[in-house]
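Be aware that the sequence shown starts at 19, since it is given in the numbering used here, and climbs by one per residue. These notes concern the structure reproduced below.
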Amino acid sequence: MTSEKVKVQQAQADTPAAAGPVPLSKNQQKKLLKAVKYQDKKKEKREREKAERQKLQEERRAEALARLAGMSEEEKLKWREEKAVRVGARKQTTQEKKARLEQALVKGQRLIVDLSFEDKMTDAELKSLCQQLAYCYSANARSSKPMHLIFTGVQGRMKECINKQCSGFDNWIATKSEATYLVHFKEETEQLVYLTADSENEIQELDPSKIYIVGGIVDRNRYKNLCAGKAEEEAAKDGIHKQLNAML
Numbered sequence: 019m020t021s022e023k024v025k026v027q028q029a030q031a032d033t034p035a036a037a038g039p040v041p042l043s044k045n046q047q048k049k050l051l052k053a054v055k056y057q058d059k060k061k062e063k064r065e066r067e068k069a070e071r072q073k074l075q076e077e078r079r080a081e082a083l084a085r086l087a088g089m090s091e092e093e094k095l096k097w098r099e100e101k102a103v104r105v106g107a108r109k110q111t112t113q114e115k116k117a118r119l120e121q122a123l124v125k126g127q128r129l130i131v132d133l134s135f136e137d138k139m140t141d142a143e144l145k146s147l148c149q150q151l152a153y154c155y156s157a158n159a160r161s162s163k164p165m166h167l168i169f170t171g172v173q174g175r176m177k178e179c180i181n182k183q184c185s186g187f188d189n190w191i192a193t194k195s196e197a198t199y200l201v202h203f204k205e206e207t208e209q210l211v212y213l214t215a216d217s218e219n220e221i222q223e224l225d226p227s228k229i230y231i232v233g234g235i236v237d238r239n240r241y242k243n244l245c246a247g248k249a250e251e252e253a254a255k256d257g258i259h260k261q262l263n264a265m266l
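Right, here's the structure in full:
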């Protein structure tokens, strides 16, 4: 028996059956095998990258020790003082960044990332979205005037993917909610503004009193007018007055 068949059989055995074993079709077996291979490669890549990082750290440590060994006591003292200054500067930068983000939670322009589209994305697209969310948070954290980021609809596959792909998501200085933005902001629905590139309307500047929304989806342009249609449907259904504005 080949190793590939063993993997497929093992994967089948690990899959719970509702009413007894159900044989997989050849096409399903191919897809399952492809998924198993992908996970194996992913694991190998993580292990390889971990080994490379450890090797690089050891090399840098060895280089630092070699430099120290060749220094006089006066040079060592100067090196340690300079290192302390660098560490202190990094610590101060981190503290200032944290303070700005915490202030944004109170007074910052509110921006919702609507994460309710998990059913319209493949696993690869979900992963790509999570990478973009991490980049978005990082860029906002570096800003001198960060926004108050609000992630709504964080549940199911979306929540699972975010926890895997976005390091330290639980510690992000932002608002995170499993609820939809309509539920989360049920007392301020009149302030909601869905930004979408599919709208003919445009805005030239942000209104601090408004709560802006962007759709959190990677779909390779499969779904035309998705966010605009959603906002229009919700406005008609719930009597909520939303403006549909072009993406800034």
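Glycine included, C-beta positions come from ideal geometry on N, C-alpha and C.
Within the same chain, Cβ atoms closer than 8 Å to the Cβ of residue 185 are found at 152, the five residues on either side in sequence being excluded.
Here DSSP, grouped into helix, strand and coil, assigns residue 211 to strand.
As computed with DSSP, residue 194 is found in a beta bridge with 169. According to the DSSP assignment, residue 141 belongs to the alpha helix (DSSP H) that extends over 141-160.
Going by beta carbons, residue 127 and residue 41 fall outside the 9 Å limit. Residue pairing by DSSP places residue 128 opposite 166, 229 in a beta bridge. Under a 10 Å Cβ-count criterion, residue 249 is classified as buried, with 16 or more other Cβ atoms of the shown protein chains found around its own Cβ.
Excluding its 5 nearest sequence neighbours in each direction, residue 120 has C-beta neighbours in its own chain below 8 Å: 191, listed in chain order. Contact between residue 198 and residue 171 holds: their C-beta atoms lie close to 6 Å from each other, under 8 Å.
Residue 189 carries a helical assignment under DSSP once its states are collapsed to helix, strand and coil.
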